[in-house]
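Top line first, the protein sequences correspond to chains F and R.
Under the numbering used here, read the first sequence as residues 14 to 318, first letter to last.
Under the numbering used here, read the second sequence as residues 692 to 1019, first letter to last.
Beneath this line is the structure, given in structure tokens, with notes to follow.
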Amino acid sequence: MLMFTLKRLGLAILVTFTVSLLSFSLLFMAGDPASAIAGENATATDIEAIRALYGFDRPFLVQYADWLFGALSGDFGQSYYFKMPVSTLIAERLSTTMLLGVCGISFALLTAIPLGVAAAMRPNSLIDRTALFLSVMGQAMPSFWFGLVLIVVFSIQLGWLPPSGSSTWRHFIMPTVVLGYYAMPAIMRLTRAGMLEVLNADYIRTARAKGASETRVMFKHALRNAVVPVVSLAAVQMGFMLGGSIVVESIFALHGAGYLAWESIGRNDLPTVQALILIFSLFYIVFTFLSDLVNAWLDPRIRVG
Amino acid sequence: MSEPVLRVENLTIDIPMAQGTLHAVRGIDFELKRGETLCIVGESGSGKSLTSLAIMGLLSKKMRCNAARLDFSGIDLRKQSPRAMRALRGDRMAMIFQEPMTSLNPAYTIGDQLMEALQLHRPVGRAEARARAIELLGKVGITAAESRLSQYPHQLSGGLRQRVMIAMALMCEPELIIADEPTTALDVTIQAQILRLLADLQREMNMAMILVTHDLGVVARIADKVVVMYAGEVVEKGSAREIFETPRHPYTRGLLRCIPVPGKTRPGEHLGSIPGIVPSLIGHMDGCAFRSRCDVAEVACASDVPVRRTGEDHMYRCIHEVQPGAPS
Ligand SMILES: Nc1ncnc2c1ncn2[C@@H]1O[C@H](COP(=O)(O)OP(=O)(O)OP(=O)(O)O)[C@@H](O)[C@H]1O
Ligand code: SF4
Ligand SMILES: [Mg+2]
């Protein structure tokens, strides 16, 4: 298990460096950064001055190393637009996004796994059909529309929940539901399919022959084997929620990191974009690494790899 | 003698299918006492596994199981709640399956799975359960038992896994153990070892054992009683001696011709086999199910076939009281 962890960790670090290199090169792929900063009416001398000021005239690798060491100590430079340190700017936004992501994935897992298990226990029963219906709805309904429906019903008509903002926990309820419901169908279906397969396994019959109760058979013997692919999927979705919850953040005016990324791209605020891309990628890398560890713990056969 | 451990009368198992009802087991009877080994033989699809699962209460819900009697140590299994059946399973009756490679849960250690078998039925702590697990691994001939406890099934060979399955079945010292083709999936050399182990443990722990097998060579070595099944029916049953010395039913006689006899069967000699296929089990069946393959069949075989008895327990179903050409 230690070997396995070290190998995966090494891999994760390698990927992180590759990603950091890519996100740094973005600065140059997007055109000449100096003229972008200088604006449309700048003269050639202005541009040269800016180039020298920001150090764009140095060799690429030097600039990369400079940026990377900064990034490692949490310094991502100055935002062109806000004229403040990118790290300060992001820190505030990131906490909103992370809270929303954690709530969203928890909501998705807590609804999808029990539903998937229940559906697999009784295929074609009422509960199975209900679960299928809910998951088709979740897949068919665009998030922005579902979000608007919730706002109309719970904020405007019933007046129970605030429609926008992020100041109290009540502001997070509807965004959590919208974000979680988006991730729920895939997790539910994977749980159901995994359970159906595992329930036919010989070791499930063995568990019953030992005298284990149905609950024990389901949760101790079957779920642990069925849930391995679900963990990997949930990790990817978690990464997605942290980076891509732009739609949900916009509908509910939760100013999170996804929304900031969206705005910064529009404003050509490259240091902010670079930092966000690196952080979003890091989320994916960290969650994939964690899900590998969880899966190795769940299924000993994986540990060999 | 004592009350039989198991008494089965007129057991039927029906499986509803799209094409009609499949009568997989059609009214079988047998009984078994403590310390006895009963072998059920018969070719693939004759209903041996379903019979075993029915006794354990492990048939899937869509199957319908009926019996005039299904008693285990004086307990009427037909009337037990699912909860009461669970309390019996793994404690007083245990089962070993055909597929050692897949019958253990890949996610848990051997130790966890062995200890679970005891802790489901006895209020014992981990230390005690562990000690019992080590004791039983030793009993089934696994060396370095203590270090095996932390291993996972995928780290063990098929033969070892089957030994673990046997140990697991014996954790609570059951009165009845059912082994459904426990060696079919193993190497020939391992097969003999596992069977000897089962036979020894059965004697040592004075259990009743049902051994399901295709292999009459095995039966000859360890059976006290033999039940021969064909197409969901018992076509012949009796003591091992009666079955091997005076087999009455043409199917049994055919099976016996298929086993090589040391000294008599010459190397390279063609082994006998029974040509033909088993009839469909779907729908109603009249007369003897074996008649399409029987070489002494007559017109009368298509109507009711009498149940005949010779001696105390020897029973068979055939229109011929004595087989043409057989010593009586
Ligand atoms: N789940 C099931 N669904 C439908 N039919 C089944 C099912 N299980 C068994 N059967 C049928 O019931 C009959 C008896 O099956 P059973 O498994 O008891 O045979 P068996 O004697 O154990 O054979 P084998 O030697 O191959 O293990 C077979 O015809 C089989 O096709
Ligand atoms: S009843 Fe007829 S067909 Fe059946 S075994 Fe006897 S002789 Fe053969
Ligand atoms: Mg079978």
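Yeah, the Cβ is synthetic: ideal placement off N, Cα and C, and Gly gets one too.
Determine the burial state of R:ILE901: buried for a count of at least 16 other Cβ atoms within 10 Å of its Cβ, exposed for fewer.
Taking all protein chains shown into account, R:ILE901 has 16 or more neighbouring C-beta atoms within 10 Å of its C-beta and is therefore buried.
Cβ of R:VAL919 within 8 Å of Cβ of R:THR943?
Their beta carbons are under 8 Å apart, which means R:VAL919 touches R:THR943 by this criterion.
With burial defined as no fewer than 16 other Cβ atoms inside 10 Å of the residue's Cβ, what is the status of F:GLY68: buried or exposed?
By the 10 Å Cβ count, F:GLY68 comes out exposed.
For R:GLY781, return the contacting residues in chain F, with the cut-off set at a CB-CB distance below 7 Å.
ALA222, LYS223, GLY224, listed in chain order.
Own chain residues within Cβ distance below 7 Å of F:ARG106, not counting five before or after:
Within the same chain, F:ARG106 has close Cβ partners HIS268, GLY269, ALA270, LEU273.
Counting only Cβ-Cβ distances shorter than 9 Å, please list the residues of the region 811 to 826 of chain R near chain F, keeping chain order.
Along the region 811 to 826 of chain R, going in chain order, the ones with a CB nearer than 9 Å to a CB of chain F are LEU811, HIS812.
F:TYR216 touches chain R at which residues, Cβ-Cβ below 8 Å?
Scanning chain R for C-beta atoms nearer than 8 Å to the C-beta of F:TYR216 yields THR793, SER794, LEU795, ASN796, PRO797, reported in chain order.
For the region 187 to 201 of chain F against the region 121 to 129 of chain F, do three or more pairs of beta-carbon atoms, one drawn from each stretch, fall closer than 8 Å, so that the two count as touching?
The region 187 to 201 of chain F vs the region 121 to 129 of chain F: in contact.
Are there 16 or more other CB atoms within 10 angstroms of the CB of F:GLY279, so buried, or fewer, so exposed?
F:GLY279 is exposed by the Cβ-count criterion.
Is the closest heavy atom of ligand 2 to the C-beta of R:ALA988 under 7 Å?
Under cutoff, so the answer is yes.
Show which residues of chain F have a CB atom less than 8 Å away from the CB atom of R:HIS845.
Chain F residues near R:HIS845: PRO313, ARG314.
Can you tell me whether R:VAL1013 is buried or exposed, with buried defined as 16 or more other CB within 10 angstroms of its CB?
With fewer than 16 other beta carbons inside 10 angstroms of its own, R:VAL1013 counts as exposed.
In the DSSP assignment, what residue or residues form a beta bridge with R:LEU761?
Under DSSP, R:LEU761 forms a beta bridge with R:VAL699.
Taking the C-alpha atoms as reference points, what is the distance between R:LYS830 and R:VAL855?
Straight-line Cα distance between these residues: approximately 10 Å.
Among F:THR29, F:ASP282, F:MET14, nearest to F:PHE300 - alpha-carbon criterion
Residue F:THR29 is the option with its Cα nearest to F:PHE300.
Boundaries of the beta strand (DSSP E) in which R:ILE719 is found, first to last residue:
R:ILE719 -> beta strand (DSSP E) spans 711 to 723.
Spatially closest choice to R:GLN842 from R:GLN810, R:ILE869, R:THR800, by CA coordinates
Ranking R:GLN810, R:ILE869, R:THR800 by Cα distance to R:GLN842 puts R:THR800 first.
Measuring only from the beta carbon, is R:HIS905 closer than 7 Å to any heavy atom that is part of ligand 1?
Because some heavy atom of ligand 1 lies under 7 Å away, the Cβ of R:HIS905 counts as near it: yes.
Does the beta-carbon of R:LEU972, which I'm using as the reference point, lie nearer than 7 Å to any heavy atom of ligand 1?
It does: the Cβ of R:LEU972 is within 7 Å (strictly closer) of some heavy atom of ligand 1.
Alpha-carbon spacing of F:ARG208 relative to F:ALA132, whole angstroms
In the sequence on display, residue 208 of chain F carries Met and not Arg. For F:MET208 and F:ALA132, the distance between alpha carbons rounds to 9 Å.
Is it the case that the CB of R:SER794 approaches a heavy atom of ligand 3 more closely than 7 Å?
For R:SER794, the CB stays at least 7 Å from every heavy atom of ligand 3.
Establish whether the CB of F:ASN238 and some CB of chain R are separated by less than 8 Å.
Yes - at least one Cβ of chain R is within 8 Å of the one on F:ASN238.
CB-CB under 6 Å to F:VAL260, same chain, minus the five flanking residues each way: which ones, in chain order?
SER156, PHE157, listed in sequence order.
Closer than 8 Å by beta-carbon distance: list the chain F residues that pair up with R:MET786, in chain order.
Under the 8 Å cutoff, chain F gives ALA222.
Examine chain R for any beta-carbon lying closer than 8 Å to the beta-carbon of F:THR219, and answer yes or no.
The beta-carbon of F:THR219 is placed less than 8 Å from the nearest beta-carbon of chain R.
Quick check on this structure: which residue in R:MET708, R:GLY832, R:ILE787 has the alpha carbon closest to the alpha carbon of R:VAL903?
Considering only R:MET708, R:GLY832, R:ILE787, the residue with the shortest C-alpha distance to R:VAL903 is R:ILE787.
When you compare the CB of R:GLU807 with every CB in chain F, is at least one pair closer than 8 Å?
Yes, contact with chain F.
Please indicate yes or no: does the CB of R:GLY738 lie closer than 7 Å to some heavy atom of ligand 1?
Under cutoff, so the answer is yes.
Cβ shell of R:TYR1007 (< 6 Å), same chain only, five flanking positions each side left out
Excluding residues up to 5 positions away in sequence, GLU927, ARG939, HIS940, ARG999 lie with their Cβ nearer than 6 Å to the Cβ of R:TYR1007 in the same chain.
For F:GLU210, I'd like the list of residues in its chain whose CB is within less than 8 Å of its CB, leaving aside the five on either flank, ordered along the chain.
Excluding sequence neighbours, F:GLU210 sits near ALA239.
Determine which residues share a DSSP beta bridge with R:GLY929 and list them.
R:GLY929 has R:VAL917 as its beta-bridge partners, per DSSP.
CB contact below 8 Å: F:VAL268 versus chain R:
The question names Val, but residue 268 of chain F is His in the sequence shown. So, not an interface residue.
Once you ignore the five residues that flank F:LEU311 on each side, which residues in its own chain have a CB closer than 6 Å to its CB?
Counting only Cβ-Cβ distances below 6 Å, and skipping sequence neighbours, we find ARG237, VAL241.
Find the nearest neighbour of R:CYS979 within the set R:ILE968, R:CYS1009, R:MET792, R:GLY967, judged by alpha-carbon distance.
Ranking the options by Cα distance to R:CYS979, first place goes to R:CYS1009.
Does R:ASP871 come out as helix, strand or coil in the three-state DSSP assignment?
In the structure shown, R:ASP871 sits in a strand (DSSP, three-state: E or B).
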